[in-house]
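Every letter in the sequence shown is one number past the one before it in our numbering, and letter 60, counting from 1, is 70. Note that beta-carbon positions come from the ideal geometry of N, C-alpha and C, so glycine has one too.
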Amino acid sequence: MNYRSRYYYRPFPRQMFPPVSVDRFQQSANESLSMCVQLEQLCRKIANDASFAKQVKDAAQQSQQKEVERLISTVITFPKDVRFTPDGLVIEMETKKEASQPPLGRNSISLRW
């Protein structure tokens, strides 16, 4: 007996992808490296300079947002969002080449008091 299958296999055509460009990816990595360097400098300053650490913590305890931002800005030049809570300090940074463009990279660090 000759049986025919009811199902016919139709392979889908292979999905086409655009050519890969890594320019923006590499630019994002380079910008993130720059942010990491500045975050490392800030951590070293806090770790090695007790008076700086005390100034930051005192200003935060007194809810002096502008003073905390000013102190952090002496080390970090990237646009940043500085927040503090009773538990610690949170710094979020992002890179933007143009205001209309999404950020190329974001880094954040949380430090406990």
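The C-alpha of P113 is placed about 23 Å away from the C-alpha of T84. Looking at the DSSP output, L99 bridges to F94, L121. Taking 8 Å as the upper bound for CB-CB distance, F88 and Q48 are in contact here, some 6 Å apart. In the three-state reduction of the DSSP assignment, R24 falls in the coil class, being assigned neither a helical nor a strand state. Spanning the alpha carbons of R24 and V30 requires a straight line of approximately 17 Å.
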